[in-house]
Structure formats: C-alpha cells, structure tokens
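First up is the structure itself, then whatever we jot down about it.
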Amino acid sequence: MGFRLGIPRKPREAEVFDVLIIGAGPAGLSAALYSKRLGLKTACVGENLGGTLNEAGIVDDYIGIQEIFGPELAKKFIEHVRRYDVPIYMDSVTEVVKEGDLFRVSTKSGTVFKARTVILAVGNRRRRLGVPGEAEFAGRGVTYCAACDAPLFRDKVVAVVGGGNSALQSALLMTSYATKVYLIHRRDSFRAYDAYVKSVTNHPKIELVLNSVIKSIGGSKSVEWVEVENLVTHEVRKIEVEGVLVEIGSEPPKEFFAKIGLKLDEYGYVVVEPGQRTNVEGLFAAGDCTGGPHKKKFDQVVTAVAEGALAALSAYEYLIRRGVEKGEVGY
277 MGFRLGIPRK PREAEVFDVL IIGAGPAGLS AALYSKRLGL KTACVGENLG
327 GTLNEAGIVD DYIGIQEIFG PELAKKFIEH VRRYDVPIYM DSVTEVVKEG
377 DLFRVSTKSG TVFKARTVIL AVGNRRRRLG VPGEAEFAGR GVTYCAACDA
427 PLFRDKVVAV VGGGNSALQS ALLMTSYATK VYLIHRRDSF RAYDAYVKSV
477 TNHPKIELVL NSVIKSIGGS KSVEWVEVEN LVTHEVRKIE VEGVLVEIGS
527 EPPKEFFAKI GLKLDEYGYV VVEPGQRTNV EGLFAAGDCT GGPHKKKFDQ
577 VVTAVAEGAL AALSAYEYLI RRGVEKGEVG Y
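Numbering (the working numbering), first residue to last: 277 to 607.
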C-alpha cells in the first residue's frame, strides 16, 4: 500500500470520512494508524508532518528505543503509517463547524472536508518573548528550534532562553557547535531534570545568567546583541551574541478552540473526559493540546501516541453506536 503524501486527491463534494484527524504529529499519526486499522475511512490534515518531533534533539525516553534523534523517530512513525494508505493533506485548518451529524472542516487552501467524527491533535505553538527585535530578527539569528538550527551557529556565541528540560537540552546541544552559550533564565533555579541541571552547571561552554530576562534583541543585518535585565538588582547589561534560541515553553491555539465551541481549562487546553471525549459530541482530542481535571498533564511522545490511539478507539465506538447498522462505517 502506498502513502499519499503532499498532494493526495481532493475529497469529492459528497465524500464523507468516518474520521478526520487534524494534526500530523505523534498523536495525529497514532490516531490515523489506529483509525485505519479499525476499518474507518480516515484522512489526516496537518501543517507539519511529524509535529514537534522534527524540533526535538535526542529522544531517550521512548520505550523500546534507547536513543534516537527526534526527526528519525518521526520518520519511523510515518513509515509505519505508510502501510495503511491514509491520505495526509499538508494544509492548515481554519474552521471546524458541526452541521447536524457531520463536521465541515475548511482549510487555508480552500479544501472542505466532511466527516462523522473529528480527532483534534494540533499540539501547541511556541511561546514568544514579545520583546523588541524578536520578530525583526526571526530567521536572522532568532530561532525556536535547536535541533533544526544548531549547526548554523557553529563557532558563534549564542543565548538560550528558558529554564525547563527543553531549554537545558537545547543549551547542551548548542555546545556541540557554539563557542559559548549564555543560558538566560528568569528564576534562580531550573525546572528541569537534575541530570540536565548538573550538566549545564558544570559545562565549560555554558554561562548561567539567572534571575534575568531579555529586554531587547538588536543588531544590523542579523543578531549582534541582547539587552538583559537582572530582576533582583534591575541592572541592565548588553551581551554580545550572534544567535538567540527561545525555549520558554508552548501554548495551545485557544482562539481556534474557542471558535469550535470546545470547553477549555484555565490554561486554554481542550478539556478531555475519559476516552479523549470533548464537550462537542463526535469530536475527540489527543496529545499536547489537551488538559482538564481528568488528565495528568505530562506532554511526552509516549502519552501523545497513547492518547491518539484512545481517541481513535473512542471515535470507532461512537460510530458503531450511531451508524454501523446502516453500513456507514469503514467503507
């Protein structure tokens, strides 16, 4: 069986999918695999095939694979899905509307899908610093992906901003290329695994800049410096760098969720019930975009994959209850 990637045929006007998956990261690909294996007519729409795995460095906590580069793990997921001939549309969803028993899903390219169920697996978006110079120098020294861009900073001085696992991992990755790494964090301690904290603290190429925030990013044609304020002393100093990697976490696209009518938690994540159900009947959610009182927030590849599988099973059971006797499922 082939894997129609990039430009599969457009859905026919009267065509109805049993399940349409929005998002093509670990949760979305897992949902696609399990939906197809359950006999459902399945399609997937996503902007970024592989999702945040494409931005990951070394993944060493996925059971059965001791150590693998993030994009390589994404490739393995994609190759697995290839066997099941699921059409994947590389597109951005702009609207999800429920019309009777069907969902109408519109995309940026103008494609319109109809589906009996929807699995939302869109992940999160990178947080921005929101300081002068950040947008101006995006792609010219400012980056949000160490795994993608670290080689561009060979023999340069860079600043990494953040205090979680991703920030510390990225700082360590940068030391393989950069001559010096400033690790800037707004607090006096890190929110990361002890092993990462010990590594960055003892690394000869890394200088810790704690209790500090970047106030602005400057330069001529590319990044040349950052202005940093110490939040304790309020001293402001200029540090010469040639790159800024922003690793301050991510946030869900809550405006998009609100337009659909989804119930959100206080942080903007989609509230899911057991089985990945949402408050919108027939719409399920999986992966990093989900939250709520029934979910332990632990955004890992393994949890995203598991939730994608559960969402597929729940969609299947929903369809069985509503329509299998009419011959509507899995044709």
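C-beta: ideal position from N, C-alpha, C; glycine also.
Excluding five sequence neighbours on each side, which residues of the same chain lie with their C-beta closer than 8 Å to the C-beta of residue i?
i	result
Pro497	Checking the displayed sequence, the identity of residue 497 turns out to be Lys instead of Pro. Here the set comprises Arg416.
Thr455	Asp431, Lys432, Val433 and Lys481
Considering only residues of the same chain and omitting the five flanking positions on each side of residue i, which have a CB-CB separation below 7 Å?
i	result
Asp541	Val547, Gly567 and Gly568
Tyr453	Ala426, Pro427, Phe429 and Arg430
Gln342	Asp336
Glu531	none
Tyr543	Gly567
His570	Val548, Glu549 and Pro550
Could you tell me the distance, in whole angstroms, from the CA atom of residue i to the CA atom of residue j?
i	j	result
Ile536	Lys374	8 Å
Asn330	Ser475	24 Å
Gly301	Asp337	17 Å
Met450	Phe429	8 Å
Met277	Leu448	Caution is warranted here: a pLDDT of 37 is assigned to Met277, below 50, making its placement in the model unreliable, and no coordinate value can be reported.
Arg402	Glu500	23 Å
Ala411	Gly315	46 Å
Ser385	Asn487	45 Å
Ala397	Gly304	5 Å
Ile339	Lys352	14 Å
Ala423	Val517	19 Å
Pro284	Val508	56 Å
Glu355	Glu348	10 Å
Ser442	Tyr420	11 Å
Arg598	Ala588	15 Å
Pro528	Gly327	14 Å
Val369	Pro287	15 Å
Cys565	Ala290	30 Å
Arg513	Thr477	22 Å
Val491	Phe413	For clarity, residue 491 is Lys in the given sequence; the question names Val instead. Distance between the alpha carbons of Lys491 and Phe413: 14 Å.
Looking only at DSSP bridge pairs, what is residue i linked to?
i	result
Ala435	Tyr458 and Val520
Ala561	Leu396
Ala391	Phe293 and Phe379
Gly494	Trp501
Ile536	Answer is none; Ile536 lacks a bridge partner.
Leu484	Leu459
Ile515	Val502
Ile596	DSSP lists no partner for Ile596.
Arg467	Gly440
Which residue wins for smallest C-alpha separation from residue i, given the options the options?
i	options	result
Phe379	Leu309, Gly519 and Phe560	Phe560
Asp367	Leu349, Val388, Val577 and Gly333	Val388
Ala471	Ile490, Lys572, Gln445 and Val485	Gln445
Gly346	Gln576, Val407 and Gly584	Gln576
Val292	Val381, Ala435 and His461	Val381
Lys312	Glu549, Ala585, Glu505 and Tyr594	Ala585
Val364	Thr477, Gly322, Thr328 and Thr393	According to the sequence shown, residue 364 is Ile rather than Val. If we check each option's Cα against that of Ile364, Gly322 comes out closest.
Asn400	Val407, Val372, Asn478 and Gly525	Gly525
Tyr631	Val522, Phe574, Arg359 and Glu557	Lying outside 277 to 607, the shown extent of the chain, residue 631 is not represented and no answer is given.
Val578	Lys390, Asp377, Ile297 and Ala350	Ala350
Looking only at its chain, what residues have a beta carbon closer than 6 Å to the beta carbon of residue i, apart from the 5 residues adjacent to it on each side?
i	result
Phe466	Gly439 and Val473
Val357	Leu305, Ala308 and Leu309
Glu483	Tyr458
Leu325	Ala300
His461	Gly439 and Leu486
Gly494	Gly409 and Trp501
Ala435	Tyr458, Ile460, Val502, Val517 and Val520
Ala319	Phe293, Leu296 and Pro363
Indicate whether at least one CB of chain C lies closer than 8 Å to the CB of residue i.
i	result
Tyr472	Going by chain labels, chain C is absent from the structure shown, which holds only one protein chain.
Continuous beta strand (DSSP E) assignments of at least 3 residues falling wholly in the segment 316–374: Taken in chain order, the complete beta strand (DSSP E) segments of 3 residues or longer contained in the segment 316–374 are 318–322 and 364–366.
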